[in-house]
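Numbering (the working numbering), first residue to last: 2 to 383.
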């Protein structure tokens, strides 16, 4: 409290500090008025050609992965699949911007990001076939469980990042979320805590135009989702989400800034979901094919192919190598997913708690008795 001297009988009156004063200058936090681009601009000349070729190979593999996973739903091998076709640049760049020691916090649509980070494609899809918990060891791969509830992974990412900072570990957490997730309370809570704590976290919003059937204009009246960063006291970046080189650059800069102790960054990548929300969705009920066709002309693979062609880096050998590697991955995925999983009903009680509670022990004993009775009955019937 401060004390202000007043004339007359009221000699002193306590007054609050000037809380209205801004904590930081909002100017440097504001995003660019237009999405940042690299491909097709003068900035593309500075991008390493090996990086461009690696991005291209990963985009081609990612497109094939999405197509194969979608086909598996039609064959009954996957219960549901939220495709990231059209968003591959965001997915791949998110994985490539991280060091091995960093953590990725994906949403349910970000299986490709997990695969690009090195996770086995079958393990990435295990949850979506309704089988065995997460499908992989999060600690081993530094990939948090695929998150189906919207935006709940964001506070988790902040918690891990803050803990790493307290321990003195130079670990960064990159959390991915869709535009629909920004309407959740978890989004606000995560960004507010991250900024106050200066946690080494990066938030990547993939603005693909729709939260299932709800367009962005019905979710927010902000100039952009990146502008929301200013309200929390962190930088906001707006980037062309189909420009793989631009997304990789912006994410890499944000990760390095967080690692140096510069705090969190909110990045909005403007992209488009080419496929339906999931295989259970009919996208024609809320958008027309003409809209999709406009975005096909801005396909992330097409944009990168143009740059590689301009540099003389894209020939039949490069195309065939990328396509063959993608097809090898798809064939292996088909073969393994076509095998019926061997399920153990007792896995219901595994990894719920580090040590089973009394209630879980009781339930496990009950299920064991029921399974034994069913086996005895089947034996007698034979």
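Even for Gly, the Cβ is constructed at its ideal location relative to N, Cα and C. Being a predicted model, the structure only gives us computed values, none of them experimental.
Of all alpha-carbon atoms in 313, 101, 341, 64, the one lying nearest the alpha-carbon of residue 76 is that of 341. If only uninterrupted beta strand (DSSP E) runs of at least 3 residues are considered, those enclosed by the segment 100-140 are 104-106. The C-beta separation of residue 95 from residue 243 comes to about 14 Å, leaving the pair out of contact by the 8 Å criterion. Proximity of the segment 302-315 to the segment 46-56 meets the contact definition, three or more beta-carbon pairs being nearer than 8 Å.
Ranked by how close their Cα comes to the Cα of residue 29, the residues 197, 204, 231, 152 have 231 in first place. For residue 72, the enclosing alpha helix (DSSP H) stretches over residues 50-75. As a beta-bridge residue in DSSP terms, residue 268 pairs with 205, 238. The beta carbons of residue 99 and residue 130 sit no closer together than 8 Å. Assignment of residue 144 by DSSP, reduced to helix, strand and coil, places it in the strand class. For residue 178, the enclosing beta strand (DSSP E) has its first and last residue at 174-179. Separation of the CB atoms of residue 162 and residue 174 is rounded to 4 Å, and the pair is thereby assigned contact status at 8 Å.
If you draw a straight line from the Cα of residue 303 to the Cα of residue 34, it is about 25 Å long. Under the three-state reduction of DSSP, residue 233 is assigned to helix. Pairing residue 64 with residue 326 gives a Cβ-Cβ distance that is not under 8 Å. The beta carbons of residue 215 and residue 268 sit about 22 Å from each other, so the pair does not count as a contact at 8 Å. One thing to note: residue 241 has its Cβ no nearer than 8 Å to the Cβ of residue 107. Counting every other CB atom within 10 Å of its CB across the protein chains shown gives residue 363 a total below 16, marking it as exposed. Within the same chain, and ignoring the five residues on either side of residue 239 in sequence, the residues whose Cβ sits closer than 6 Å to its Cβ are 32, 33, 36, 225, 227, 269. Annotation: residue 349 to residue 47 spans about 52 Å, alpha carbon to alpha carbon. In this structure, residue 69 lies away from residue 252, with their beta-carbon atoms at least 8 Å apart.
Taking 8 Å as the upper bound for CB-CB distance, residue 179 and residue 202 are not in contact here, some 17 Å apart. The distance from the Cβ of residue 210 to that of residue 25 is about 31 Å, inconsistent with a contact at the 8 Å cut-off. Shown here for residue 324: same chain residues with a beta carbon closer than 7 Å to its own, the five before and five after excluded, namely 61 in chain order.
For residue 35, there is no enclosing alpha helix (DSSP H), since its DSSP letter is neither H nor E. Taking 8 Å as the cut-off, the Cβ atoms of residue 185 and residue 152 count as close.
A direct Cα-to-Cα measurement between residue 293 and residue 274 gives close to 9 Å. For residue 213, there is no enclosing alpha helix (DSSP H), since its DSSP letter is neither H nor E. Looking from the CA of residue 256, the closest CA among 41, 86, 103 belongs to 103. The C-beta of residue 229 has 16 or more other C-beta atoms within 10 Å across all chains shown, which makes the residue buried.
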